[in-house]
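Chemist: Input: one structure, supplied below.
Numbering (mature numbering (1 follows the signal peptide of the UniProt record, and there is no 0)), first residue to last: -25 to -1, 1 to 318.
Have a look at this one:
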C-alpha cells in the first residue's frame, strides 16, 4: 500500500479529506464504526499499534472502557499501520490520540499539524537495516547504487538517512522505494529491493525467518511518542488525563509482566511467541519514564536538521519552533494509575 508520507504541507492537505475513511476501513475488523472523530463528547477515539505494546495491553485489558463507562464515554479503537498513518489520522481528526515515533511527531508538527506529545510509551530499538537471507550486503557502504525500501515519515526512514550519513553516503546514493512497513518486508523477500529499513515486530519476524539485521544503532532510534490533537486537549482535558493515567498503569504492568506482554503482542500481531519475546524482552525498554522531557528533546534536536536537508521542512526555524512546542508534560507529571479501573 504505497504512500508518500513525507508529511509536507502539500501531502497534509491532499490526504486530510480521505483519512477519515481510511481510518474506518483500515482497522482490520476492530471497533471503528460510528463517531470516528469523537466530536459528540461521548467518544474517545484512540489508536493501537503493534509497534506500541502498551496500546495492546490497554486494549486487551479493557481498562479504558472500565474507567470511562461511568462517565458515559465510549472508547473507539483504530489501528495505526505506521507513524505516518497515525499522523495522517491525527491531522484529519480521525483519532484523538495516536502513537508515533518521536521523529515522525516532530516532522508532523514542523509542517503544521496541531499535535502535542503527552506521554512516552517506550524507548525501543525498533528500526534497523535488513538484508534478505543469503544477501551479499553486510554493511551500509554496500548499499551504494542499491534499492532500499523505507516508509517515509517514520523512524526506519530516518534511521536509514542517519546510517547512510554515518557511512559517508546520502539518499542520493541509493534508490528509496517508499513502501509501508509490511510492504517493504514483502519487497525484500521477493527481491524487488536490495535492503529494507525495517520496523519491529515485522522486522523480528523477518529476522527469525532468515533475514539479516546488518546495521543496528540504538542511538538512531527515537522514542515512542503518544500524541494528541490540541483541540482534544483543550476540549476534553479530563479525558486526556485518563489516557495518560492508563498508559502509566500499562507501563507499570508491562514492566512487571514482560512475558505476558509478549504474549499479548504475539496474539495481536499474529507473531510466533519467540518473535514477540525478542521484541519485548530484547528490543523494548517499556520501563522508561512516561514524562516527555529533555532526553526526547535532545534526540529530536539531532535529527531535526535532517528534515530541512531532505526538503521535508522548509526551514530550520520551523523545526526549532515545533520542537519548542511539541512536548507537553502537564498530564504525565500528575499521572495517577490508581485512578484506572480493572475490567
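Here a beta-carbon is modelled for each residue, glycine too, at the ideal position from N, C-alpha and C.
Any idea which residues DSSP pairs residue 153 with across the strands?
Modeler: Residue 153 pairs with 125.
Chemist: For the pair the region 20 to 27 and the region 121 to 128, tell me if three or more CB-CB distances fall below 8 Å.
Modeler: The region 20 to 27 vs the region 121 to 128: no contact.
Chemist: By Cβ distance below 6 Å, which residues in the same chain neighbour residue 41 in space, the five residues on each side in sequence not counted?
Modeler: 316 and 318, listed in sequence order.
Chemist: Using a Cβ-Cβ cut-off of 6 Å (strictly less than) and excluding sequence neighbours within five positions of residue 106, which residues of its own chain qualify?
Modeler: So the list reads 112, 170, 187 and 189, once near-sequence residues are dropped.
Chemist: Let me confirm a value: residue 184 is counted as buried when at least 16 other C-beta atoms fall within 10 Å, else exposed. Which label applies?
Modeler: Exposed.
Chemist: Classify residue 68 as helix, strand or coil using the three-state DSSP reduction.
Modeler: Coil.
Chemist: Going by DSSP, what residue range makes up the beta strand (DSSP E) through residue 171?
Modeler: Per DSSP, residue 171 belongs to the beta strand (DSSP E) from 170 to 174.
Chemist: Roughly how many whole angstroms lie between the Cα atoms of residue 150 and residue 305?
Modeler: Distance between the alpha carbons of residue 150 and residue 305: 42 Å.
Chemist: For the beta strand (DSSP E) that contains residue 20, what are its first and last residues?
Modeler: That run of the beta strand (DSSP E) goes 18 to 23.
Chemist: Give a yes or no on contact between the region 267 to 279 and the region 78 to 85, applying the rule of three or more CB pairs nearer than 8 Å.
Modeler: Yes, they touch.
Chemist: Quick one: any contact between the region 228 to 244 and the region 252 to 271, if contact means 3 or more CB pairs under 8 Å?
Modeler: Output reads yes: the region 252 to 271 touches the region 228 to 244.
Chemist: With DSSP collapsed to three states, give me the class of residue 74.
Modeler: If DSSP states are grouped into helix, strand and coil, residue 74 belongs with the strands.
Chemist: How close, in whole Å, do the beta carbons of residue 115 and residue 76 come, if the pair is a contact with beta carbons under 8 Å?
Modeler: Not a contact, Cβ separation roughly 20 Å.
Chemist: Which class does residue 135 belong to by DSSP, given the choice of helix, strand or coil?
Modeler: Residue state, collapsed to three classes: helix.
Chemist: So, with DSSP's three-state summary, where would you put residue 167?
Modeler: Coil at residue 167, not helix or strand.
Chemist: Have a look at 59, 86 and 108 and flag the residue whose alpha-carbon is nearest the alpha-carbon of residue 73.
Modeler: Ranking the options by Cα distance to residue 73, first place goes to 59.
Chemist: In the DSSP output, what is residue 90 paired with across the bridge?
Modeler: Answer by DSSP bridge pairing, in chain order: 204.
Chemist: Figure out for me which residue from 199, 153 and 56 has the closest Cα to the Cα of residue 167.
Modeler: Measuring from the Cα of residue 167, the nearest candidate turns out to be 153.
Chemist: Counting only the same chain and skipping the five closest in sequence on each side, list residues whose C-beta sits under 7 Å from that of residue 34.
Modeler: Result list for residue 34: 23 and 52, in chain order.
Chemist: Can you give me the C-alpha to C-alpha distance between residue 155 and residue 229, rounded to a whole angstrom?
Modeler: Roughly 28 Å separates the two Cα atoms.
Chemist: Inspect the CB distances between the region 200 to 210 and the region 129 to 136 and report whether three or more fall short of 8 Å.
Modeler: No contact exists between the region 200 to 210 and the region 129 to 136.
Chemist: On the three-state DSSP scale, how would you describe residue 6?
Modeler: The predicted model places residue 6 with a pLDDT of 39, which falls under 50 and marks its position as unreliable; any figure quoted below should be read in that light. The answer is coil: DSSP assigns residue 6 none of H, G, I, E or B.
Chemist: CA-CA distance, residue 28 and residue 240?
Modeler: The alpha-carbon atoms of residue 28 and residue 240 are separated by roughly 6 Å.
Chemist: Under 8 Å between the Cβ atoms of residue 93 and residue 215?
Modeler: Taking 8 Å as the Cβ cut-off, residue 93 and residue 215 qualify as a contacting pair.
Chemist: Cutting at 8 Å between CB atoms, please list the residues of its own chain near residue -13, excluding the five before and the five after it.
Modeler: Residue confidence is low: residue -13 scores 39 on pLDDT, short of 50, so the model does not pin down where it sits. No coordinate-derived value is stated.
Chemist: Could you say which of 103, 98, 307 and 66 lies nearest to residue 87 if we only look at CA atoms?
Modeler: Of the candidates 103, 98, 307 and 66, the one whose C-alpha sits nearest the C-alpha of residue 87 is 66.
Chemist: Drop a sphere of 10 angstroms on the beta-carbon of residue 300, count the other beta-carbons inside from all chains shown, and report buried for 16 or more, exposed for fewer.
Modeler: Flag for residue 300 reads exposed.
Chemist: Hey, would you say residue 292 sits closer than 8 Å to residue 176, going by beta carbons?
Modeler: It is not a contact, given that the beta carbons lie outside the stated cut-off.
Chemist: From 71, 99 and 270, pick the residue whose C-alpha is nearest to that of residue 209; which is it?
Modeler: Checking every option, the nearest Cα to that of residue 209 belongs to 71.
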